[in-house]
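Asker:
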């Protein structure tokens, strides 16, 4: 079985290399049409070619080119109304004789919509009907019986990726641009999430006065479910921080007597803080690189405490 798997991979890789060697003016023209499209790129196909068309459309949309998938059967039953004159139709059909695809051409010509066909048969009807034909034909399928679409679909998919990435490169589409259309993805979170998006606010931030007793600080931390309390003055300006580590250290060294101590006596004065508009990933880096092992950062704006960001919350948000 491994021999069959290995042979399949090698045959498909060889077919992709062969296509790369014969890339020429038609492929450049297709990329130029995609790049210059003032509307949306409409990908269409049926069966396995349709699945590749869906992937192509998704890749375009996520890399800076507006696109959607249109099923050929739905198109000829009214959904062609979704297509505008400035759109570009990219059709996928290995045989180039798919009936549902061929039915689209008369209407598309009348609408004045430009068309590209990606096909394995350069002499097919679809290749002759389309404004531009891209030949992705292969010598044979990897299937031992030369029946199941394997090599042909792999090459078709590879070319669609190549076209999408060529256009993306010309658009100077950056990681930041990618994050904007993937806000829930890992990269999106790292490039877009601000401290203000992850910080605790309001009643979830324990604020205590400098003359509060140690026991009152413990109650405030416990009630808020946080790992630290911010010591603030009457204007809400940050004076210090009392973290779980400070609590344990004072209990070990001073015992029960510390319960009567004032917050100002046990706090860490002038603690490291961060602004609400800073990227959350920078807060994570601050946690990781801080000379002391810290798990909380007061969030300060114009000198006043507006929140508390905790390392465990950043981890929970999926930044690592």
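Numbering (our numbering), first residue to last: 19 to 338.
Yeah, the Cβ is synthetic: ideal placement off N, Cα and C, and Gly gets one too.
1. If you check the beta carbons only, do residue 103 and residue 87 fall under 7 angstroms apart?
2. Run the CB neighbour count on residue 40, radius 10 Å, all protein chains shown included, and call it buried at 16 or more, exposed below.
3. Measure the C-alpha to C-alpha separation of residue 61 and residue 195 and round it to an integer number of angstroms.
4. Would you tell me roughly how many angstroms separate the C-alpha atoms of residue 85 and residue 217, rounded to the nearest one?
5. Can you check DSSP and say which residues form a bridge with residue 314?
6. Measuring only from the beta carbon, is residue 236 closer than 6 angstroms to any heavy atom that is part of the ligand ZN?
7. Is the distance from the Cβ of residue 191 to the Cβ of residue 82 below 7 angstroms?
8. List the residues that DSSP assigns as beta-bridge partners of residue 272.
9. For residue 226, I'd like the list of residues in its chain whose CB is within less than 7 angstroms of its CB, leaving aside the five on either flank, ordered along the chain.
10. Within this structure, are the beta carbons of residue 332 and residue 304 separated by less than 7 angstroms?
11. Going by C-alpha distance, which of 278, 257 and 253 is nearest residue 265?
12. Going along the chain, which unbroken runs of the beta strand (DSSP E) with 3 or more residues stay wholly within the region 141 to 191?
13. Does residue 46 come within less than 7 angstroms of chain E when only Cβ atoms are used?
14. If you draw a straight line from the C-alpha of residue 80 to the C-alpha of residue 125, how long is it?
15. Buried or exposed for residue 109, going by 16 or more other Cβ atoms inside 10 Å?
16. Per DSSP, residue 108 is paired with what?
17. Taking 8 angstroms as the cut-off, does the region 287 to 295 touch the region 209 to 216 (at least 3 CB pairs, one atom from each stretch)?
18. Would DSSP call residue 126 helix, strand or coil?
19. Where residue 209 and residue 298 are concerned, what is the direct C-alpha to C-alpha distance, given to the nearest angstrom?
Answerer: For this structure:
1. In the chain shown, residue 103 corresponds to position 85, counting from 1. In the chain shown, residue 87 corresponds to position 69, counting from 1. No.
2. Along the chain shown, read from residue 1 onward, the residue named residue 40 stands at position 22. Per the 10 Å Cβ criterion, exposed.
3. Mapped onto the chain shown, residue 61 falls at position 43. Mapped onto the chain shown, residue 195 falls at position 177. Approximately 22 angstroms, taken between the alpha carbons.
4. Counted from its first residue, the chain shown places residue 85 at position 67. Counted from its first residue, the chain shown places residue 217 at position 199. So the two alpha carbons sit approximately 36 angstroms from each other.
5. As a first step, residue 314 is located in the chain shown; it is residue number 296 there, counting from the start. Partner(s): 328.
6. The ligand ZN is absent from the structure shown, which contains no ligand whatsoever.
7. Taking the chain shown and counting its residues from 1, one reaches residue 191 at position 173. Taking the chain shown and counting its residues from 1, one reaches residue 82 at position 64. Against a cut-off of 7 angstroms, the Cβ pair of residue 82 and residue 191 comes out as a contact.
8. Looking up residue 272 in the chain shown gives position 254. Answer by DSSP bridge pairing: none, since residue 272 is not bridged.
9. Walking along the chain shown from the start, residue 226 turns up at place 208. Only 234, 235, 238, 247, 249 and 281 meet the Cβ criterion.
10. In the chain shown, residue 332 corresponds to position 314, counting from 1. In the chain shown, residue 304 corresponds to position 286, counting from 1. In this structure, residue 304 does not lie closer than 7 angstroms to residue 332 by Cβ.
11. Residue mapping note: residue 265 aligns to position 247 of the chain shown, counting from 1. Checking every option, the nearest Cα to that of residue 265 belongs to 278.
12. 150 to 153
13. The structure shown contains no chain E; it holds only a single protein chain.
14. Residue numbering aside, residue 80 sits at position 62 when the chain shown is read from its first letter. Residue numbering aside, residue 125 sits at position 107 when the chain shown is read from its first letter. Taking the straight line joining both Cα atoms gives about 29 angstroms.
15. The residue labelled residue 109 in the question sits at position 91 within the chain shown. Looking at its Cβ environment, which holds 16 or more other Cβ atoms inside 10 Å, residue 109 is buried.
16. To locate residue 108, count along the chain shown from 1; it is residue 90. Its beta-bridge partners are 61 and 134.
17. yes
18. The residue given as residue 126 occupies position 108 in the chain shown. Three-state result, residue 126: helix.
19. For the purposes of this step, residue 209 is taken as residue 191 along the chain shown, with counting starting at 1. For the purposes of this step, residue 298 is taken as residue 280 along the chain shown, with counting starting at 1. Approximately 8 angstroms, taken between the alpha carbons.
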